[in-house]
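Visitor:
2 protein chains.
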Amino acid sequence: MAFINENYLKLKAGYLFPEIGRRVREFAAAYPDKDIIRMGIGDVTQPLTPTILKAFHDGVEELGNKNTFKGYGPEQGYDFLREAIALNDYQQRGVEISADEIFVSDGSKCDTGNIQEIFGDKNIIAICDPVYPVYADTTVMSGKTGECQSNGYFDNIVYMPCNEANGFIPELPVTRPDLIFLCFPNNPTGTVATRAILKTWVDYAIANKSIILYDAAYEAYITDDSIPHSIFEIEGARNVAIEFRSFSKTAGFTGTRCAFTVIPNELFAYDEQGNQVAVKPLWMRRHTTKFNGVSYPVQKAAAAIYSDEGKKEIKGLIRYYLENARLIRESLTEAGYTVFGGINAPYVWVKTKNNLTSWEFFDKLLNETNVVGTPGSGFGPSGEGYFRFSAFADRDKVIKAMERIKNISY
Amino acid sequence: MAFINENYLKLKAGYLFPEIGRRVREFAAAYPDKDIIRMGIGDVTQPLTPTILKAFHDGVEELGNKNTFKGYGPEQGYDFLREAIALNDYQQRGVEISADEIFVSDGSKCDTGNIQEIFGDKNIIAICDPVYPVYADTTVMSGKTGECQSNGYFDNIVYMPCNEANGFIPELPVTRPDLIFLCFPNNPTGTVATRAILKTWVDYAIANKSIILYDAAYEAYITDDSIPHSIFEIEGARNVAIEFRSFSKTAGFTGTRCAFTVIPNELFAYDEQGNQVAVKPLWMRRHTTKFNGVSYPVQKAAAAIYSDEGKKEIKGLIRYYLENARLIRESLTEAGYTVFGGINAPYVWVKTKNNLTSWEFFDKLLNETNVVGTPGSGFGPSGEGYFRFSAFADRDKVIKAMERIKNISY
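As structure tokens, this is what we get:
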């Protein structure tokens, strides 16, 4: 008799984005002539830039020619891409990361979920609240949690509330976790972590033999030179951290699919007898056994991001979205909202007025302005009363949306 | 303290293909002027065909244009691809499979490994011996096995020996498994399963409430009209089977990366109280939570396989490789070897002469003819004394390799 993985039954049925989709569809059906502006899902809208596009085409063309055809590539990614990453994202910033510590994949969503597999069920996981839902959901799937409580918290997960009082920076948890998910620049709050904050976390992880799972998917949006782009800029991090990076938001790759994970050679976890076991070979085994590499033309396109022209072009993309973020921040502030994030991040985190719940504000916004955003409570109970605007929209739509929001009646 | 998944420690260090690579590299270093012919790894060599290539380029071009740009797509794959698959691979063959039962992914290696996650640890898995190593390795990783024995068998896996005596078709196991991996046309033996054989397995699965995990990655190589291409051609299979398909060997996609998994709506597994739980929603949850869809241009390229021109072109590719298989079969038979497979499959399974072990034959072949093949024992103990030749090489190399093998001295 085939048995299911019962941990899946613990998951809540309603995922945030499908529920948003449902409400928007219903609204659109009821009011077909309304001009709906979508600033909900964090998906990019601007096309691939010319240099990246050309490399993508070139990669495709190679597959059509007998002499340049590529079959299976290395599961960890081609050297040309891993070396470009190591050089440009790390070594040129003075960070010690080598190509053999980099694993190219088809997405950070996959990586942050799959990484759970190489760690045992008895690990206690810490996650921020509010947070990207995938960390918690994949923790549940992997059997590391108990049941879901009425507030949406799962037993055996250490939740770290992030709120106005702590500046949306989690405090060191009292219950010591074994694996700690951190994401900076943060999704959904747009907060960044200073060097001093990250140092506190690295020291905490060293003291507790914990591992930090550091999601840096939005590092390209850091505008303040004093903010670290990588956890590995912090002394000691090579012993306690794994970093996840993605080209999705850096270069408009949400539909192209390419990302990477960095696991330093000095990172160790433990077996039940307390013996040290190197983590990189475990991930290598997982990656080579359950994955077969990223499409060759996609890797060519990703490598073009690191060319001189490519760098210039993606800076333009990021400037575009950051200018959207500035417009959102300033317009909402002007309209009397309390606003966070959106300076070193593509997300603006807004406090609702009149103590509206996140979903009440969602419905009000949809009905009165036809603008779609993301209810903060969908990211966890501490997000209640907040709302996320994504800066990944077209400029004219951002301007129009902000105009409409100014005129909301209370 | 971060704990590892100790199941990974049960895995054997040496994976088959790295060991082949090591021996070939050493040989090449010692004899740099030798013309080595590789027929080991089952990787295609012929370029993408024109229609597929054009669709791939068109998909890339869409990403470079503001009006046609695509961000995140549906995790399960775009409707245009899922509908083309359902229509062409199933409905037009009289098989009842709908687009909503199809999950597009980046590879069957990923899918056959990841599928384990939705099933509980207490399931007993059955696999053939010899077999594609990923089934066993991912079973071990998922915690469903005991330790590895000296013969390479893991405790708690039901092994089904496939040998000359049973025509390389597994017999129904005495210990009843919960999940049964089957692969036809078979890798590595090149055997196919008749309708009657598959019916026996479907009936056995129904009787035992087991689920068949059916790997049909090589179905495009079936030349005999009486052989089923899909497990779903068998009555009752919709209640007991999951099917894995890939474009890798069908259309030369090993470096392009696209595959799909079919889970019928009527497939159920059980919770520990014996209640039925539908399997498709579990996989949907896994697929949408831990995966973010296949690159858009890759899906466009895959859909072009189903156009009239695309169909003609990939038929040409498959004919090319099957002609290689015929040459290998006939040459080796002529040279006095006992040969299996290679008629409805791209693999030829050869018995060594003089009772050489698989690795002895590998070394002899490499040293005397500079031809690289795959030792059968690498696929499991029942593969000892056998050897796999892949037909995915260039024609001129196949001819040259067969000429050289004729002249091996014993």
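Sequences listed follow chains A and B, in order.
Residues -18 to 391 in this note's numbering are what the first sequence lists, from first letter to last.
Residues -18 to 391 in this note's numbering are what the second sequence lists, from first letter to last.
Even glycine gets a Cβ: it sits at the ideal position worked out from N, Cα and C.
#1: Under 8 angstroms, do LEU(-8)(B) and ARG266(A) count as touching if we go by C-beta distance?
#2: Using 8 angstroms as the cut-off, can you tell me whether the segment 46 to 54 of chain B makes contact with the segment 177 to 191 of chain B, which would need three or more C-beta pairs spanning the two stretches below that distance?
#3: Given that ASP16(A) touches chain B, what residues does it touch there, using C-beta distances under 9 angstroms?
#4: Going by the C-beta, is ILE193(B) closer than 7 angstroms to any heavy atom of the ligand COA?
#5: Taking VAL331(A) as part of the alpha helix (DSSP H), name the residues at either end of that continuous run.
#6: If you count every other CB in all the chains shown that lies within 10 Å of the CB of TYR328(B), and 16 or more means buried, which is it?
#7: Should CYS164(B) be flagged as near chain A, meaning a C-beta pair shorter than 8 angstroms?
#8: Could you please give the first and the last residue of the uninterrupted alpha helix (DSSP H) stretch that includes SER339(B)?
#9: So TYR(-11)(A) is in the alpha helix (DSSP H); what residue range does that whole segment cover?
#10: Output, in chain order, the set of chain A residues within a Cβ distance shorter than 7 angstroms of CYS91(B).
#11: What are the boundary residues of the beta strand (DSSP E) that includes GLU224(A)?
#12: Quick check on the DSSP output: the alpha helix (DSSP H) that includes MET122(A) runs from which residue to which?
#13: Using Cβ-Cβ distances below 8 angstroms, what residues of the segment 249 to 269 of chain B are close to chain A?
#14: With a threshold of 16 other CB atoms inside 10 Å of the CB of ASN325(A), please say whether the residue is buried or exposed.
#15: Closer than 7 angstroms, Cβ to Cβ, to anything on chain A: give me those residues from the segment 228 to 248 of chain B, in chain order.
#16: Given that ASN46(B) touches chain A, what residues does it touch there, using C-beta distances under 7 angstroms?
#17: Tell me the rounded alpha-carbon separation between PHE162(A) and LYS103(A).
#18: Using a Cβ-Cβ cut-off of 7 angstroms (strictly less than) and excluding sequence neighbours within five positions of SER363(A), which residues of its own chain qualify?
#19: Quick one, which of ASN147(A), GLU98(A) and ALA36(A) has its alpha-carbon nearest PHE(-16)(B)'s?
#20: So, under 8 angstroms CB-CB, PRO28(A) and GLY233(A) are touching, yes? Tell me the CB distance rounded to an integer number of Å.
#21: Please report the residue range of the beta strand (DSSP E) in which ARG369(B) lies.
#22: Relative to chain A, which residues along the segment 113 to 124 of chain B have a C-beta separation below 9 angstroms, given in chain order?
#23: Report the neighbours of HIS38(A) on chain B: residues whose CB is nearer than 8 angstroms to its CB, in chain order.
#24: Terminal residues of the continuous beta strand (DSSP E) containing ILE397(B)?
#25: Sort out for me which residues DSSP pairs VAL275(A) with in a bridge.
#26: Quick check: VAL279(A) and SER89(B), are their CB atoms within less than 8 angstroms of each other?
#27: For GLY127(B) versus ASP136(B), is the C-beta distance shorter than 8 angstroms?
#28: Verify the CB distance criterion: does ASN104(B) have a CB-CB separation below 8 angstroms to chain A?
#29: Around the Cβ of VAL155(B), are there at least 16 other Cβ atoms within 10 angstroms (buried) or fewer (exposed)?
#30: What residue from VAL379(B), THR49(B) and TRP340(B) has the CA that sits closest to GLU0(B)'s CA?
#31: So, do the segment 301 to 313 of chain A and the segment 365 to 383 of chain A have three or more beta carbon pairs nearer to each other than 8 angstroms?
#32: Let me make sure I understand the geometry here. Which of ILE96(B), TYR12(B) and LYS230(B) has the alpha-carbon closest to that of LYS271(B)?
#33: So, does the CB of LEU34(A) fall closer than 8 angstroms to a CB anywhere in chain B?
#34: Between VAL41(B), PRO13(B) and PHE37(B), which has its C-alpha nearest ALA284(B)'s C-alpha?
#35: Taking the C-alpha atoms as reference points, what is the distance between VAL353(B) and ALA374(B)?
#36: Quick one: does ALA(-17)(A) have its CB under 8 angstroms from some CB of chain B?
Guide: To lay it out plainly:
#1: A distance below 8 angstroms separates the beta carbons of LEU(-8)(B) and ARG266(A).
#2: No, they do not touch.
#3: Correct list: empty, because the minimum Cβ distance to chain B is about 17 angstroms.
#4: Only the bare structure without any ligand can be found here, which leaves the ligand COA out of the picture.
#5: VAL331(A) -> not in any alpha helix (DSSP H); beta strand (DSSP E) instead, spanning 328 to 332.
#6: buried
#7: Cβ-Cβ to chain A under 8 angstroms: no for CYS164(B).
#8: 339 to 350
#9: -12 to -9
#10: Correct list: LYS271, PHE272 and ASN273.
#11: 222 to 227
#12: 114 to 122
#13: ALA250, TYR251, ASP252, GLU253, GLY255, VAL258, VAL260, LEU263, ARG266, ARG267 and THR269
#14: buried
#15: THR235, GLY236, THR237 and ARG238
#16: PRO28
#17: 16 angstroms
#18: ASP110, PRO111, PRO142, CYS143 and ASN144
#19: GLU98(A)
#20: 7 angstroms
#21: 367 to 371
#22: The segment 113 to 124 of chain B vs chain A, Cβ under 9 angstroms: PRO114, VAL115, ASP118, THR119, MET122, SER123 and GLY124.
#23: HIS38, VAL41 and GLU42
#24: Nothing in the structure corresponds to residue 397(B), since chain B is present only between -18 and 391.
#25: VAL275(A) pairs with nothing; no bridge assigned.
#26: Going by C-beta atoms, VAL279(A) is not nearer than 8 angstroms to SER89(B).
#27: yes
#28: yes
#29: exposed
#30: It is TRP340(B).
#31: yes
#32: ILE96(B)
#33: yes
#34: PHE37(B)
#35: 11 angstroms
#36: yes
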